[in-house]
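Before any comments, here is the structure.
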Amino acid sequence: MILEFERPIRELEERIAELHRLAGPSAGLQAEISRLEGALDTAKRRIYANLSPYQRVQVARHPDRPNFRAYRDVLSDDFYELSGDRFFGDDPAVRGGLARLKRGGHNVVLLGHDKGGDTRSRVKGNFGMAHPEGYRKVKRLYELAGRFGLPIVVLVDTPGAFAGRGGEERGQAWAISADLMALARAPVPVISIIIGEGGSGGALAMCVADYVGMLENSYLSVIAPEACASIIFRDPGRAAEAAEALKLTARDLKQHGIVDEVLPEPLGGAHKEPETAIREVGDALDRVISGLSEADPGALIEARHERYRRIGTHAAGDTG
Amino acid sequence: MDDAGFTKCERCGQPIYEKDLLTRFNVCPHCEFHFPLPAPERIRLLTDSGSFEERDRGMTAGDPLGFEGYEERLSRARMNTGLSDAVVSGVGKIGGRPVALAVMDFRFIGGSMGSVVGERVARTIELASAEGLPLVAVSASGGARMYEGVYSLMQLAKTSVALTRYIEGSLPYVSVLTDPTFGGVTASFATAADVIIAEPGARIGFAGARVIEQTTRERLPEGFQTAEFQRDHGMVDRIVHRLALKGDLERLLGFVA
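From first to last, the protein sequence lines are chains Z and D. Note that my numbering has the first sequence beginning at 1, numbered continuously upward. Note that my numbering has the second sequence beginning at 1001, numbered continuously upward.
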């Protein structure tokens, strides 16, 4: 899939490939090829350095973007998956289990939204939109992590909690609320990295954390920009403006003090060089887990409480 | 409502004397339909006369993102409701028993939860802890306040962290869900209670029915997301008529407060 703003890059790449093919072993077209390669490099830097918030949302949603499965497979050398909410079913939109991370050898509970790897698994995983049983499985694993003193590591990548009949019948809101409460009192380090989409409550249920990192082109928002444009501007065509207004990019959220760190992506986005992006996340996880490994459980909960208790902007009134 | 002092019931279509509606706290005398109830009226319904003391009244919303249209929306809501935001909080007595109380008002930007709602709810929870009071929250909300972007999303986390402390103690938290309660409010403090009471017919859920129909093209059953639906699915403890609500809370608090 080629995003609209990637088109000039793709055109240059195609022309360079064409010239290489025409030139064959001879050096006749080398000057032209070099010129185009220079132009390509410039175009990449110009385009990717100036992505608008909505363009970043599109990069975050790119189907080739590395997702939970890729991170899990590269970063852990043993992933012992655990399934089910012990009540209704197993939701493949979120996965979790015990994992040993290659970098640092940390034993953790690793969780994430699973957007799938091909059409079939994407559909099976409901494109990373979990049902209540998914959020209840997640809660079970948060509590299991607490019992065994394992850090909770979450890779967030969801358009949001699923909006559907079954989800409502089984208490979607109740399940999310219970996750927020479970994370708030987890007696172990909670580390969340938003690797793609951070859609509203469905994302927040997995990122009330001691450390929240965001890949450069990921986003975190209270509502999808398209829906926001429909509701606030009464025009779904104004999604780009809504994305701008919502301040949903990693850089904006870092500036607002909502997240701790922006993790750089390779030029053009994580889908251009998945291994580089995955390595970046793996390094951050090792560093953060090592930093929190000696933390006292009570102090962790206290600090997490203070962190979320503080966020908000209001003019101070009388406090009496 | 027209000049003649009559209004028409949304459900049964019968004319109602406005005076009757007022004395029955916006419940239709013909079919018992529960109209939305402004927060000050709700407080008058639930608390012993003259016992309510509002807290944090002067707290006002900021515009953290400089979001187009938010300032206008806020000033219009303030003017139309006389409130400073979508929740009124404080301490009052229910049947002689003091409680910490937070009451939402749907008229104020759809009862949406922004920083002020989150902060007032959190402070009410902390007040209940500090003074050893039962906590009662009455919700009416379309969800998070989009104009505050991620700040509104973070109010779900804020109210949740505050509640985890409160529920470590032995004081009760009672949540009353009224029409409508959705989104970020149901996905945080409104459903994390010891006891959940809902008003008859109130629409309660995560995503609204229209959104679900648009995204899934599913046909939704009659009574989907009503209080009765939620009780039948095990999500709500009791359905209580508005005019019986105060007495019901007194009974409950008699057991656990």
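No residue lacks a Cβ here, since even glycine has one placed at the ideal position from N, Cα and C. Since the model is a prediction, treat every value here as computed from it, not as a measurement.
Residue contact with chain D for Phe-233 of chain Z: present (Cβ-Cβ distance below 9 Å to some residue of chain D).
When DSSP assignments are scanned along the stretch 1099-1154 of chain D, the uninterrupted stretches of beta strand (DSSP E) that are 3 or more residues long and fall wholly within it turn out to be 1135-1141. Setting aside the 5 residues that flank it on each side, Arg-15 of chain Z is surrounded in the same chain by Leu-36, each with a C-beta closer than 8 Å to its C-beta; the list follows chain order.
Residue range 1209-1216 is occupied by the alpha helix (DSSP H) that includes Thr-1216 of chain D. Contact annotation, Gly-125 of chain Z with Ala-93 of chain Z: C-beta distance approximately 5 Å; criterion of less than 8 Å satisfied.
Our two residues, Asn-107 of chain Z and Tyr-1151 of chain D, have alpha carbons roughly 33 Å apart in a direct line.
Under the three-state reduction of DSSP output, Arg-122 of chain Z falls in the helix class.
Of all residues in the stretch 1192-1218 of chain D, those with a C-beta nearer than 7 Å to a C-beta of chain Z are Ala-1192, Gly-1205, Phe-1206, Ala-1207, Val-1211, Ile-1212, Thr-1215, Thr-1216 and Glu-1218, reading in chain order.
Taking the C-beta atoms as reference points, Ile-193 of chain Z is found nearer than 9 Å to Ala-284 of chain Z. Proximity of chain D to Tyr-308 of chain Z at the Cβ level (cut-off 8 Å) is accounted for by Met-1154, Ala-1157, Lys-1158, Ser-1160 and Val-1161, in chain order. Beta-carbon to beta-carbon, Met-214 of chain Z and Ala-250 of chain Z are separated by about 4 Å, close enough to satisfy the 8 Å threshold. Nearest Cα to Arg-1238 of chain D within the set D:Gly-1142, D:Gly-1096 and D:Val-1174: D:Val-1174. The C-beta distance from Ile-232 of chain Z to Ala-242 of chain Z rounds to 7 Å, short enough to fall under 8 Å. Ranked by Cα distance from Gly-1058 of chain D, the first of D:Pro-1029, D:Ser-1084, D:Glu-1228 and D:Gly-1050 is D:Ser-1084. Around Leu-246 of chain Z, the beta-carbon contacts reaching into chain D at under 9 Å are Leu-1065, Phe-1067, Met-1146, Gly-1149 and Val-1150.
Note that the stretch 1088-1103 of chain D touches the stretch 1122-1138 of chain D; at least 3 beta-carbon pairs, one per stretch, sit closer than 8 Å. Non-local C-beta neighbours of Arg-170 of chain Z in its own chain, meaning closer than 8 Å and more than five positions away in sequence, comprise Phe-88, His-131, Pro-132 and Glu-133, ordered along the chain.
Listed in chain order, the non-local C-beta contacts of Ala-1192 of chain D below 6 Å within the same chain comprise Leu-1163, local neighbours out to five positions each way being set aside. With contacts defined by Cβ atoms closer than 9 Å, Glu-216 of chain Z and Val-262 of chain Z form a contacting pair. Below the 9 Å Cβ cutoff, chain Z contributes no neighbours of Ser-1141 of chain D, its closest Cβ being approximately 11 Å away.
Note on geometry: alpha-carbon atoms of Asp-1020 of chain D and Lys-1093 of chain D lie some 26 Å from one another. Taking a contact as a CB-CB distance under 8 Å, the pair Asp-85 of chain Z and Lys-137 of chain Z counts as one, their CB atoms being some 5 Å apart. Per the C-alpha coordinates, the member of D:Leu-1156, D:Ala-1198 and D:Ala-1244 positioned closest to Gly-1234 of chain D is D:Ala-1198. Here Thr-1081 of chain D is not near Phe-1052 of chain D, since their CB atoms are 9 Å or more apart. Taken in chain order, the complete beta strand (DSSP E) segments of 3 residues or longer contained in the stretch 82-131 of chain Z are 94-101 and 107-113. The DSSP assignment places complete alpha helix (DSSP H) segments of no fewer than 4 residues inside the stretch 186-232 of chain Z at 200-204 and 225-232, in order along the chain. Within the stretch 147-162 of chain Z, Ala-161 place their CB atoms closer than 8 Å to a CB of chain D, listed in sequence order. Distance check between Ala-1209 of chain D and each of D:Val-1161, D:Gly-1118, D:Thr-1226 and D:Ile-1196 places D:Thr-1226 closest, using alpha-carbon atoms only.
Distance from Val-208 of chain Z to Ala-229 of chain Z at the Cβ level is roughly 28 Å; contact not present, criterion being Cβ atoms closer than 8 Å. Excluding residues up to 5 positions away in sequence, Ala-243, Glu-244, Leu-248 and Thr-249 lie with their Cβ nearer than 7 Å to the Cβ of Pro-53 of chain Z in the same chain. Of all residues in the stretch 166-181 of chain Z, only Gly-167, Glu-168, Glu-169, Arg-170, Gly-171, Gln-172, Ala-173, Trp-174, Ile-176, Ser-177, Ala-178, Leu-180 and Met-181 place a beta-carbon less than 8 Å from a beta-carbon of chain D. For Gly-213 of chain Z, the nearest beta carbon of chain D is not closer than 9 Å to its own beta carbon.
Where Asp-157 of chain Z is concerned, the enclosing beta strand (DSSP E) starts and stops at 152-158. When Z:Ala-239, Z:Val-212 and Z:Asp-235 are compared, the shortest CA-CA separation from Ala-224 of chain Z is found for Z:Ala-239. Spanning the alpha carbons of Glu-1071 of chain D and Glu-1148 of chain D requires a straight line of approximately 11 Å. Counting only residues of its own chain and dropping the five nearest sequence neighbours on each side, Asp-286 of chain Z has a CB closer than 6 Å to the CB of Arg-103 and Gly-104.
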